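Residues are numbered in my numbering as their position in the sequence shown, beginning at 1, plus a constant of 2. Report on the following structure.
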Amino acid sequence: MIGKFELNGLEFHAFHGVYESERTNGQTFKVDISFETNVSKAAYSDNLEDAIDYTYIYELISEQMKIRSSLLEHVANRIVYSIKDKVDGIQNIELKLTKVNPPIDGIIAGISITLKA
3 MIGKFELNGL EFHAFHGVYE SERTNGQTFK VDISFETNVS KAAYSDNLED
53 AIDYTYIYEL ISEQMKIRSS LLEHVANRIV YSIKDKVDGI QNIELKLTKV
103 NPPIDGIIAG ISITLKA
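Encoded structure:
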């Protein structure tokens, strides 16, 4: 049995961007991620040892958000492959990374990139 998990609205203050002000002052970023995994064993056993620990997924994302990068593409790629490398059984990851209020001369709520792996 395949289950789809979603972690939505993860919020981080981070220092990603090409402009000095972004790298010095930081800004708000939001992460939404979904992934699929076989949940059969956990569904029957009711044991955490048989399940994906989504707290660990959050920790992996948080670690990657602390590493400064110029581009959203780079941050999103690091997050996806950190999870793929460290958590067995995850497939069909979809990650949306949003820079809230980017430094654009105009009204914009955010700029996002979505990666699928």
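C-beta: ideal position from N, C-alpha, C; glycine also. Here the structure is a predicted model, which is why all the values come from computation and not from measurement.
Nearest-angstrom beta carbon gap, residue j and residue i [assumed within contact, 8 angstroms]
i, j, result
"residue 5", "residue 39", "6 angstroms"
"residue 95", "residue 82", "6 angstroms"
"residue 62", "residue 88", "6 angstroms"
"residue 43", "residue 55", "Not quite, the Cβ-Cβ distance comes to about 14 angstroms (not below 8 angstroms), so this is no contact."
"residue 93", "residue 37", "7 angstroms"
Proximal residues to residue i (C-beta, below 7 angstroms), its chain only, five neighbours per side dropped
i, result
"residue 66", "77, 80, 81, 84"
Exposure of residue i, with buried meaning 16 or more beta-carbon neighbours within 10 Å
i, result
"residue 69", "exposed"
"residue 112", "exposed"
"residue 109", "exposed"
"residue 35", "buried"
"residue 19", "buried"
Nearest to residue i (by Cα), restricted to the options the options
i, options, result
"residue 72", "35, 114, 24, 56", "24"
"residue 75", "7, 22, 15, 118", "118"
"residue 90", "21, 48, 58", "58"
Contact set for residue i: own chain, Cβ-Cβ below 8 angstroms, skip 5 residues either direction
i, result
"residue 26", "17"
"residue 60", "9, 12"
"residue 3", "40, 41, 42, 45"
"residue 106", "113"
"residue 22", "none"
Neighbourhood of residue i by C-beta distance below 6 angstroms, restricted to the same chain and skipping five residues each side
i, result
"residue 13", "32"
"residue 104", "113"
"residue 116", "98"
For this session: Kindly confirm or deny that the region 26 to 34 and the region 97 to 104 touch, where touching means at least three C-beta pairs closer than 8 angstroms.
Result: yes
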